[in-house]
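Below you'll find the structure, written out as structure tokens, and then a few comments.
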Amino acid sequence: MNVKKIILLLALAPTLLFAKPQGTPVTKDSFSNLNLNYPGLEEVNKLVAAKDYENAAKALLKYYRKRDNIKHPDYNMEDKARFAGKKLPAGVLEKADKGLLHQFYVHPGYGFIDYGQDINWQHWPIKDNEIRWQLHRTYWWQPMGLAYWSTGDEKYAKEWVFQFRDWVKKNPKGLSKENDRFAWRPLEVSTRIQDQPGMFNMFVSSPNFTPDFLLEFLNTYNQQANHILNNYSKQGNHLLFEAQRIIYAGCFFPELKAADTWRKSGVEILNAEIKKQIYPDGLQFELSPNYHVAAINIFLKALRMTQLTGMSNEFPESYKKTIEEMIIALTNFSFPDYSYPMFGDAKLTGKSEMQKEYKDWLQVFPHNQVIKYFATDGKQGTAPAYLSNALKTGGFYTFRNGWKNDATVMVLRASPPAFFHSQPDNGTFDLWVKGRNFMPDAGAYVYSGSAEIQKLRDAYRQTKVHKTLTLDNINMDSCNAKLLTWKTSPAVDLLVYNNQSYKELNHRRSVLFIDKKYFVIIDEAIGDAKGNVGIHFQLAEESGTTFNKSNNSVQTGYNDGNNLLIQTLNKGAVLTEEEGKVSYKYRKEVARPAFAFEKAKNDNKTVSFTTVLYPFEGSKAPEISVKEGSKHNLAKGIVDLTLTINGKKTQVTEQLTGN
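Residues -19 to -1, 1 to 640 in mature numbering (1 follows the signal peptide of the UniProt record, and there is no 0) are what the sequence shown lists, from first letter to last.
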């Protein structure tokens, strides 16, 4: 008998050890965060007053299951019919099913991570902060909700309730400073309060969504929203996210006492921040294209949520106008395939993804013909009436000869100081020609974490891995470009700016877009600094690059004949091959060609480079030479050059500055 008992206990051990936490008793305090005088809660109020708390909880659940006057922007209870029996998008069911096994899809850079049968919310297999932060955003819960709607299988609802309770139990605020750093960072909390209303609608009709769990959910939600209210980030996109999401909280759960306070707080912040964070040219002040798009959607999501609850008048007309200007700014620094440079930690984005964004934005701005043009892939609406364009405050400058796929487009960044996502790269650029980005930005690879992770991040932040000027290959001290000249004409588009890159060295870069066809870039290293001065370039991977050190030129060798020549025309420069990498996705990288033209700066005299970027057809690059004219004097800001390209001469005479 003893042996049988031991066997039985061993068989039950996993069940006993990992028993799912039970709900807490329903008491008067369970209703303390609710405004029981809210219309529709009369029966709940009556039962609470009678101290019949169990039935009050049942009445409250009945109220929420029937509530139809509060709408969610994405997932409402009536949407379940659209998903029932339908196949889910690729990857969604896998995330849901592996989530049942506690294999959570925390971050796309790492795939699925096993957190154990008894979930270890502190598990941190790779010391990348993003893994730990994004775990607490519970991104796999929404796929579980969609799987529940699609299949009707209660296992998803049962497991979601368990995981919600398990998270609450094991991650109480104040558990430790370390855990609070990740589980209760305001950005992660804001993600949860944004996403959980949608999950609420997905699961509230389930028998596993019990009256006692409803009160646990509401009280936990209340705690999280109040945490945001008292712990907003100081600035940047985090503050925008948090404000937008607390508006969600206030609009979706008006039955909670603090709802009006949450909503008004978020509205006040966004009304103030849209003036602070958006430059007059429409750029968001972090100067990262990804976060620029995110900011557009933050402002619009907040507006949409208030519209659904009849409170959109809390945003002035100027708020909506600024969002429209942000979208137009985006079109200016985008390529014909809707992608944009990976400046400032941005990642490569695809056409289908961005076209969907434009379609959503068109719903808000149906009369804007430029937005319509991008939303319909040029089938309707009109392209902007201009070509080259300068966003002068934020410092994104675009040279362009068309809006279609066969265009030549250069987007250059020469900006004021930005924030966390900014890199020491003023002067860097991407060059697109006829459907190909020849010179993509390096990207970011990773964000932050242990010393090992930070080393990986720093490798992609180096000035020398961007298309700009360095002194002794060290990072520039300052990114604070000062615009000197911007002008456009049929013959030449011209940009000239200064950046005090180092304490004793000023970088003046002049970019000339000649005949809307090719580029001449003049770089000057001005000041008392001494050392090795280099201008750096990087090409796309698999570009079939050929290096010709005899004439300081580099050319691509694409089989389709769409190619590029980069050649410095000064004597004394040395062509040096460098290690090159590019990261289009988080923790994904590929090797690519990289090189620099270098000169020694031995005194206080200015060192300069004149470089031609010439797109050409075929496999044979053109022969290019340059002759300085009698008026050529960079110190006085005068360019007087004769370019000879395959025997054809072109005179380039420009006043770079007003001096």
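We put the CB at the ideal spot given by N, CA and C, even for glycine. Since this is a predicted model, take the numbers as computed values, not measurements.
A residue is called buried once 16 or more other Cβ atoms fall within 10 Å of its Cβ, and G179 is buried on that count. With a cut-off of 8 Å on Cβ pairs, the segment 64 to 80 is in contact with the segment 120 to 140, counting three or more such pairs. Shortest Cα-Cα distance from S470 to any of N382, L464, L556 and K415 involves N382.
Annotated as proximal: L372 and L264, with beta-carbon spacing under 8 Å. N182 and A31 have their C-alpha atoms some 29 Å from each other. Pairwise C-beta distances place the segment 287 to 300 out of contact with the segment 399 to 408, as fewer than three of them are shorter than 8 Å. Beta bridge pairing from DSSP links A40 with no other residue. DSSP places W105 in the coil class of the three-state scheme, outside both helix and strand. Judged by beta-carbon spacing, L343 lies within the 8 Å limit of K353, meaning their Cβ atoms are closer than that value. The criterion of a C-beta distance shorter than 8 Å is not satisfied by N585 and D504. For S333, there is no enclosing beta strand (DSSP E); the enclosing alpha helix (DSSP H) has its first and last residue at K332 to V345.
When P603, G126 and L17 are compared, the shortest CA-CA separation from K238 is found for L17.
Membership of Y213 in any alpha helix (DSSP H) is not indicated, and neither H nor E is assigned to it by DSSP. A Cβ-Cβ separation of about 5 Å places T374 in contact with D262 under the 8 Å criterion. The straight-line gap separating the alpha-carbon atoms of L393 and L465 is approximately 15 Å. In the DSSP annotation of this structure, the continuous segment of the beta strand (DSSP E) that includes F377 starts and ends at F377 to R381. In the DSSP assignment, F85 forms a beta bridge with I94.
Close CB contacts of I626 within its chain, under the 6 Å cut and outside five residues either way in sequence, are with P603 and I605 (chain order). Contact between Y96 and I107 fails: their C-beta atoms lie close to 14 Å from each other, not under 8 Å.
In this structure, G247 lies near A283, with their beta-carbon atoms less than 8 Å apart. Going by DSSP, T303 is part of the alpha helix (DSSP H) stretching over E298 to N313. If the five residues before and after E306 are omitted, its C-beta is found closer than 7 Å to the C-beta atoms of G263, all from its own chain and listed in chain order. Closest option to E559, judged by alpha-carbon separation, among F377, E579 and Y129: E579. The count of Cβ pairs closer than 8 Å, one atom from the segment 105 to 124 and one from the segment 155 to 170, reaches three, so the stretches are in contact. Contact annotation: the segment 540 to 560 does not touch the segment 476 to 491, with fewer than three C-beta pairs closer than 8 Å. Below 8 Å, too few C-beta pairs join the segment 36 to 53 and the segment 203 to 222 to call them touching: fewer than three.
Where M457 is concerned, there is no enclosing beta strand (DSSP E), because DSSP gives it neither an H nor an E. When the five nearest sequence neighbours on each side are left out, the beta carbons in the same chain lying within less than 6 Å of the beta carbon of F12 are those of V29, in order along the chain. For K256, DSSP records no beta bridge to any residue. Beta-carbon to beta-carbon, A77 and Y137 are separated by about 6 Å, close enough to satisfy the 8 Å threshold. Exclusion of the five residues before and after P124 leaves V73, K76 and A77 as the residues of its chain whose Cβ lies within less than 6 Å of its Cβ. Here T638 is exposed. Its C-beta has fewer than 16 other C-beta atoms within 10 Å.
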